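Peer 1: Pasting a structure below so you can have a look.
Numbering (full-length UniProt numbering), first residue to last: 1 to 129.
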């Protein structure tokens, strides 16, 4: 097997130097990376606020006050998340927080309604005796 000559090695180094990315390509790669990072943060915020709406709805279905507080925590945490694309996120995040607040209010009203019914039943039972 023949050893490469010094000229062929220098030619290979020169060819590799020609393949180096230009500053425009480097800038394009950096922009693509930042865009992908922003998209990932947007998706994370979307998921958390959507999950807050689901948990808030589930707390209404199961009449669970702690679950509705947890959904409010999720909604507020998605609001406090760093979100570079603010215009598209605010509506969905506010919807998650609104569902959570509605769930809290409704669950407290349901619990209060059950307490009032229990008091009414007890007073009716006491009056019947």
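A virtual CB, placed ideally from N, CA and C, is assigned to each residue, including glycine.
In this text the structure is predicted, and so the values were computed from the model without any measurement.
Return helix, strand or coil for residue 130, following the three-state DSSP convention.
Peer 2: Residue numbering for the chain in the displayed model covers 1 to 129; residue 130 lies beyond these limits and cannot be assessed.
Peer 1: Go ahead and label residue 74 buried or exposed: buried means 16 or more other beta carbons lie within 10 angstroms of its beta carbon, across all protein chains shown.
Peer 2: Along the chain shown, one-based indexing puts residue 74 at 74. Buried.
Peer 1: Residue 76 to residue 58, Cα distance in whole Å?
Peer 2: Here residue 76 is taken as the residue at index 76 of the chain shown, counted from 1. Here residue 58 is taken as the residue at index 58 of the chain shown, counted from 1. Looking at the two C-alpha atoms, the distance is approximately 18 Å.
Peer 1: Round the Cβ separation of residue 71 and residue 55 to the nearest angstrom and send it over; I've been treating them as touching at under 8 Å.
Peer 2: Here the question's residue 71 lines up with position 71 in the chain shown. Here the question's residue 55 lines up with position 55 in the chain shown. The pair is a contact, with the Cβ atoms about 4 Å apart (cut-off 8 Å).
Peer 1: Alpha carbon to alpha carbon, how far is residue 102 from residue 116? Give it in angstroms, no decimals.
Peer 2: Taking the chain shown and counting its residues from 1, the one referred to as residue 116 is at position 116. Taking the chain shown and counting its residues from 1, the one referred to as residue 102 is at position 102. Between residue 116 and residue 102, the C-alpha separation is close to 21 Å.
Peer 1: Taking 9 Å as the threshold (C-beta atoms), are residue 65 and residue 114 in contact?
Peer 2: Taking the chain shown and counting its residues from 1, one reaches residue 114 at position 114. Taking the chain shown and counting its residues from 1, one reaches residue 65 at position 65. Not in contact: residue 114 and residue 65 (Cβ atoms no closer than 9 Å).
Peer 1: Just the Cα atoms here: how many angstroms apart are residue 95 and residue 51?
Peer 2: Locating residue 95 in the chain shown gives position 95, counting from the first residue. Locating residue 51 in the chain shown gives position 51, counting from the first residue. If you take the alpha carbons of residue 95 and residue 51, they lie about 11 Å apart.
Peer 1: Answer with buried or exposed for residue 30, where buried requires no fewer than 16 other C-beta atoms within 10 angstroms of its C-beta.
Peer 2: In the chain shown, residue 30 corresponds to position 30, counting from 1. Classification for residue 30: exposed.
Peer 1: Rounded to the nearest angstrom, what separates residue 61 and residue 104 at their Cα positions?
Peer 2: In the chain shown, residue 61 corresponds to position 61, counting from 1. In the chain shown, residue 104 corresponds to position 104, counting from 1. Whole-angstrom Cα-Cα distance: 12 Å.
Peer 1: For residue 112 and residue 37, I'd like the C-alpha separation in whole angstroms.
Peer 2: Numbered from 1 along the chain shown, position 112 holds the residue referred to as residue 112. Numbered from 1 along the chain shown, position 37 holds the residue referred to as residue 37. Roughly 46 Å separates the two Cα atoms.
Peer 1: Who are the near neighbours of residue 123 in its chain, counting only those whose CB is closer than 7 Å to its CB and skipping five residues on each side?
Peer 2: As a working mapping, residue 123 is identified with position 123 in the chain shown. Cβ within range, chain order: n/a, list empty.
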